[in-house]
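Report on the structure given below.
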Amino acid sequence: MPTAAPGVADIVGFGTNGVVIMRNTINFHPVPVVKCFGLNAGGWSVDKHVRLLADTTRKKAMDIVGFGEDGVWISTNNGNNTFTDPKMALSSFAFSGGWHTDKHIRFMADVRNIGRCDVVGFGDLGVALECMSPSTAAMAISALPYSVSKTSGTKSEAGGLINTYASSPMLRAMGDPTSLASGTTIY
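Note that my numbering has the sequence shown beginning at 49, numbered continuously upward.
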């Protein structure tokens, strides 16, 4: 994943003591970048917490995103080989809220094609989506209810996805993602 220069892939590891990056240079060497997201650095474990990289700021640089015990945490890439301290961006999608790695897939995807990743989860009730505000940083995510009807082609009454949206390459079963407002939640 590129974490500094666009198009140059680095190796990122979520270790016991935090996040380590091996920059793609002549001499690969590990560089600790965040003392969080590790077992001894915040209590993050593989069996409970999803950790990944995604552009949450439209800077074309990968930020560190963790689905933790109490919510979604983001450490923003400063663009100079450093990251901010993690901040809670969202209090849902958490292990304590019933989101478990053995049952629920959670990831980041630019479902609206705006250059900023949104939070997507497949939970017990179906697909959940938190759209990031295009005018604010990731820390300003809010949850607003989005009603879906059986006739909209997005979700059946029983919770199963129905129909598809032909022109959307991502998450077609959810309907037109470009029409979703910031802060939208779909269940």
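Just so you know, even glycine gets a beta-carbon here, dropped at the ideal spot from N, CA and C.
Shortest Cα-Cα distance from residue 171 to any of 140, 162, 90 involves 140. Looking at the DSSP output, residue 114 shares a beta bridge with 99, 121.
A straight-line Cα-Cα distance of about 20 angstroms links residue 85 and residue 127. According to DSSP, residue pairing for residue 78 in a beta bridge involves 70.
Cβ neighbours of residue 98 within its own chain (closer than 8 angstroms, five residues either side excluded): 114, 115, 149, 154, 155.
In the three-state reduction of the DSSP assignment, residue 143 falls in the helix class, which pools H, G and I. DSSP places residue 108 outside both helix and strand once states are collapsed to three, so it counts as coil. The count of Cβ pairs closer than 8 angstroms, one atom from the region 86 to 96 and one from the region 71 to 78, stays below three, leaving the stretches out of contact.
Straight through space, the alpha carbons of residue 138 and residue 72 are spaced by roughly 32 angstroms.
The beta carbons of residue 105 and residue 132 sit no closer together than 8 angstroms. Per DSSP, residue 180 lies in no beta strand (DSSP E) segment and is marked neither H nor E.
Nearest Cα to residue 161 within the set 179, 65, 144: 179. Secondary-structure assignment with DSSP links residue 62 through a beta bridge to 67.
In the DSSP assignment, residue 154 is bridged to 169.
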